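Here the structure is laid out as structure tokens; the discussion comes afterwards.
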Amino acid sequence: MASVSSKTIEQVIEDKGSELVFIVYPHTIALMNWSTLWSILFFFMLITLGIDSTFGGLESIITGLCDEFPNLFGRHRSLFVLGVLVICYLGALPTCTYGGDYIVNLMNEIAVAPALLFVVFLECIAVSWFYGVNRMADDIEAMIGSRPSLFWRAIWYLISPIFLLMIFYISMSNLLAGNIEIKRVNLRNLPTNVQIWSYLIVFVPILCIPAYAVYKLIITPGRNFDERLRRSIQPEESYHEHLHGLSNGEQLEQDKIQIL
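Quick note, the working numbering runs 237 ahead of the 1-based positions in the sequence shown.
See the structure below:
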């Protein structure tokens, strides 16, 4: 491609995001033998990758809200899922306008890394420190029949949180310093309203976590703050109630099925 377009390799691959996927890659595939076949396989891979990623993101929202509010959302799960899909569809419509490319790049450069890294960091802390890495290993042993080694438990407990926190710090430092480019324009040189929206996109998902923590403390029964805090960070008492009803590899029999 660099030879055909009379450019350097750095100039050819400087595009990223949607430009890399829909301009550079197709151009590269067009120069290959059996280009039609490779193009079909490439875009089919993109479709399946997008659908798979969408399932994971939406299911985490749907399952979390249905579990937290079973009377409100759980009883009408189909309607709730439909409502979530409609909201996502309406929210994605602006990306199909003439300025949609800028919106996609804004979300890609700003919204993904800081919020996602912070959420994953807290998930790692919640599972490894509060729920307990040994308890997690017991659950995995009950499901697959073998216990994770000390190496994996060390990764979950110490190494992963440290690296996630470091990457999150670097990402937030670049954001707050304005060292991020949107369509080759530095964030500090963009209009003020765009900068405000950028910070909102980052901090709104992050602030949902402390907001729910406050809500959980309020609804958790207890005589004082310390007792409510202790109860709110412990796993539910009924979590392991039916965990050992059927062990791994054991044949399922009718008399072992308990109807709840």
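Beta carbons are placed, not taken as given, at the ideal position from N, Cα and C, and that holds for glycine. All values reported here derive from a predicted model rather than from experimental measurement.
The Cβ neighbour count for residue 331, taken over all protein chains shown within 10 Å, is under 16; the residue is labelled exposed. Judged by DSSP in its simplified three-state form, residue 423 adopts strand.
Sequence-distant partners of residue 417 (beyond 5 residues in either direction) whose C-beta falls short of 7 Å from its own C-beta, in its chain, are 346, 347, 411 and 424. The beta carbon of residue 317 sits closer than 6 Å to those of 310, all from its chain and outside the five residues before and after it, given in chain order. Remark: three or more beta-carbon pairs, one from each stretch, lie closer than 8 Å, so the stretch 398-405 and the stretch 347-364 are flagged as touching. Relative to residue 342, the option among 307, 257, 290 and 441 whose CA is nearest is 257. Put simply, of 400, 384 and 438 the residue whose alpha carbon is nearest the alpha carbon of residue 359 is 400.
Burial state of residue 281 is exposed, judged by a 10 Å Cβ sphere holding fewer than 16 other Cβ atoms.
Distance from the Cα of residue 429 is smallest, within the candidate group 440, 415 and 441, for 415. By the CB criterion at 7 Å, residue 457 and residue 468 fall inside the cutoff. Scanning the stretch 408-474 for uninterrupted alpha helix (DSSP H) segments of 4 residues or longer gives 429-456 and 462-469, listed from N- to C-terminal end. Exposed is the label assigned to residue 445, since fewer than 16 other Cβ atoms lie within 10 Å of its Cβ.
Sequence-distant Cβ neighbours of residue 276 in its own chain, meaning closer than 6 Å and more than five residues away, are 266. Shortest Cα-Cα distance from residue 324 to any of 299, 374 and 339 involves 299. Judged by beta-carbon spacing, residue 367 lies beyond the 7 Å limit of residue 260, meaning their Cβ atoms are not closer than that value.
Contact between residue 384 and residue 391 is ruled out by a C-beta separation of about 14 Å, above the 8 Å threshold. With 16 or more other Cβ atoms inside 10 Å of its own Cβ, residue 435 counts as buried. The beta carbon of residue 381 sits closer than 6 Å to no other beta carbon from its chain once the five residues preceding and following it are set aside. Residue 273 and residue 283 have their C-alpha atoms roughly 15 Å apart. Assigned with DSSP and collapsed to three states, residue 383 falls in coil, not helix or strand.
Counting other Cβ atoms within 10 Å of its Cβ, residue 427 reaches 16 or more and is therefore classed as buried. Under a 10 Å Cβ-count criterion, residue 307 is classified as exposed, with fewer than 16 other Cβ atoms of the shown protein chains found around its own Cβ. Counted as a single uninterrupted DSSP element, the alpha helix (DSSP H) harbouring residue 286 occupies residues 272-305. With contacts defined as CB atoms closer than 7 Å, residue 355 and residue 443 qualify as a contacting pair. In the structure shown, residue 334 falls within a coil segment according to DSSP collapsed to helix, strand and coil. A buried status is given to residue 398, since no fewer than 16 other beta-carbon atoms sit within 10 Å of its beta-carbon.
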